Amino acid sequence: MATTLSEPVGLIDCKTAALVPLTGVEVDAEIAGRSSRVKISQKFCNREKVPVEAVYKFPLTEAASICGFRARVGEKVIEGNIEEREKAFEKYDEALEAGHGGYLLDEERPNIFTLSVGNLNPGAEAVLEIEYVTLLETHGREVRFSLPTTISPRYLPADAPDEDGIPAAAKVNPEFELDVPYGLRVQLRVHGRDGIESVESPSHSIKQSFGEDTLEIGLTAEEGKLDRDFVVNVHYREAFQNRA
């Protein structure tokens, strides 16, 4: 499965590819009972002098079901469509060849996704938003919310064949940096605050505040490093009962 977006942004020479830095990742999530809805916003900015294409790999939870994909470029909001994988790649390539902007979200392997941002003009910014829903891990009166931020290396045989001319190692274990110039911002809302006994995070230092019917959770620091998963455990006063 893959999702595509495209819009006209002007003619380019696709051979002049350069690095587009990812300047920030923001997560806005809600927990209601045993389920959660999460929106991940990834902001790209082209600081080069030519239009460029950026390719970014990131993880999602294994049980995630994507329900939204959109791009915000200036005042424009472009909604994504679900296509058969090969057709999605074909449409993306056609958009770039025609000099249009293209945005492609592809599930490369279970819970690992590749986001391609094509033909981003000099000085332009694009915010890619991905929404998904998932059931949370539950133990008695405790619910665990987990947001993966790193891709763990996987074993790859030395004689693994290339895939479509791309070395298998480049796809399974892409190059990475231990330190990146962007960080993570998180806003998490837990509904049914009166039934919550306590909240803790074994991974990050968090702060809490109260809404009308929600417990608001965020990082104590302005940004967190993308070097470990963000985990929050919510302890309720009573055990869960089946409901819809």
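Numbering-wise (numbering that gives the first Met the number 0), the sequence shown opens with residue 0 and increments by one.
For every residue, glycine included, the Cβ atom is placed at its ideal position computed from N, Cα and C.
What you are looking at is a predicted structure, and each value in this text was computed from that prediction instead of being measured.
- Just so you know, the alpha carbons of Gly-23 and Pro-160 end up roughly 35 Å apart.
- Contact check between the stretch 197-209 and the stretch 227-234: three or more CB pairs, one atom from each, fall below 8 Å, which counts as touching.
- Rounded to the nearest whole angstrom, the C-alpha separation of Arg-143 and Ser-64 is 17 Å.
- Burial state of Val-37 is buried, judged by a 10 Å Cβ sphere holding 16 or more other Cβ atoms.
- Taking the Cβ atoms as the reference, Leu-135 lies roughly 7 Å from Ser-34, within the contact range of under 8 Å.
- DSSP, read as helix, strand or coil, puts Asp-92 in helix.
- Residues Ala-125 of the same chain have their beta carbon placed closer than 6 Å to that of Val-72, with the five preceding and five following residues left out of the count.
- DSSP places Thr-113 inside the beta strand (DSSP E), whose first and last residues are 111-119.
- Around Leu-21, the same chain offers Gln-41, Lys-42, Phe-43, Ala-53, Tyr-55, Val-179, Tyr-181 as residues with beta carbons nearer than 8 Å, after the five sequence neighbours per side are excluded.
- By the neighbour-count criterion, in which 16 or more other beta carbons inside 10 Å mark a residue as buried, Gly-117 falls on the buried side.
- Cβ-Cβ separation between Leu-119 and Val-198: approximately 39 Å, too far for a contact (criterion under 8 Å).
- The continuous stretches of beta strand (DSSP E) do not include Ile-150, and DSSP gives it neither H nor E.
- Val-230: member of the beta strand (DSSP E) spanning 229-235, first to last residue.
- Under the three-state reduction of DSSP output, Asp-27 falls in the strand class.
- Here Glu-78 has Arg-69 as same chain residues with Cβ atoms under 6 Å from its own Cβ, once five neighbours each way along the sequence are excluded.
- In this structure Gly-139 is not in contact with Val-185, their Cβ atoms being roughly 25 Å apart against a cut-off of 8 Å.
- Inside the stretch 49-80, DSSP marks whole beta strand (DSSP E) runs of 3 or more residues at positions 51-58, 64-72, 75-78, from first to last along the chain.
- Taking C-beta separations shorter than 6 Å and ignoring five residues to either side along the sequence, the partners of Asp-27 in its chain run Lys-38, Gln-186, following chain order.
- DSSP places Gly-217 within a strand segment (E or B) once states are collapsed to three.
- By the neighbour-count definition (other C-beta atoms within 10 Å, threshold 16), Thr-133 is a buried residue.
- For Pro-147, the CB contacts under 8 Å within the same chain, skipping 5 residues up- and downstream, are Pro-58, Leu-59, Thr-60, Asn-110, Asp-228 in chain order.
- Spanning the alpha carbons of Glu-162 and Thr-219 requires a straight line of approximately 43 Å.
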